[in-house]
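Engineer: Once you've had a glance at the structure underneath, I'll fire off some questions.
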Amino acid sequence: MTITGIDRESFALVSGWTYVAGTLVADALTTPSGTRVLQRELGAGHMALVDRPANGETLARVSVAMARALDQIRHRETGAAPLRFRGITPRTIGQDGVTRLTVRLEDLVDDVGAEREIAR
């Protein structure tokens with residue numbers, strides 16, 4: 647499956663996993679649920695978990711919210727999913743209280759079946 651689009655920062659034409667990870671995943675995870683006018687179903691609900699304790703329960707809720715958001719990403723023409731959510735791992739909990747995460751995804755575009763990571 648070929649997937650092509652515009653990079654959200656440089657406005658350059660990008661394709662494959664570069665587009666999926668750089669634009670589609672970022673959009674899905676940074677858009678609050680229900681805020682897109684023509685795509686109300688797009689977005690993540692993990693913003694509601696801000697200021698919760700950084701514990702196992704909150705991490706599980708964040709993981710579910712991210713999995714739901716990423717499951718909504720579809721190729722516009724075919725409706726096929728370009729990725730599959732595989733898990734989430736906390737990397738650090740900084741003194742500033744910010745938890746950094748690594749999201750593990752299965753690539754269904756370029757290297758089908760390969761596990762990829764996105765650290766934020």
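Numbering-wise (the working numbering), the sequence shown opens with residue 647 and increments by one.
Just so it is clear, CB atoms sit at the ideal spot from N, CA and C, and this is done for glycine as well.
Relative to the C-alpha of G733, which residue among E723, H721, G725 and L705 is closest?
Structural biologist: L705
Engineer: For T669 and G702, I'd like the C-alpha separation in whole angstroms.
Structural biologist: 29 Å
Engineer: Which residue from S656, I652, S709 and P678 puts its Cα closest to that of V666?
Structural biologist: I652
Engineer: Per DSSP, what kind of secondary structure is L779 in: helix, strand or coil?
Structural biologist: No statement about residue 779 is possible, as the shown extent of the chain runs from 647 to 766 and does not include it.
Engineer: Compute the distance between the beta-carbons of A765 and R746, then report whether it is under 8 Å.
Structural biologist: Cβ distance < 8 Å, so A765 and R746 count as in contact.
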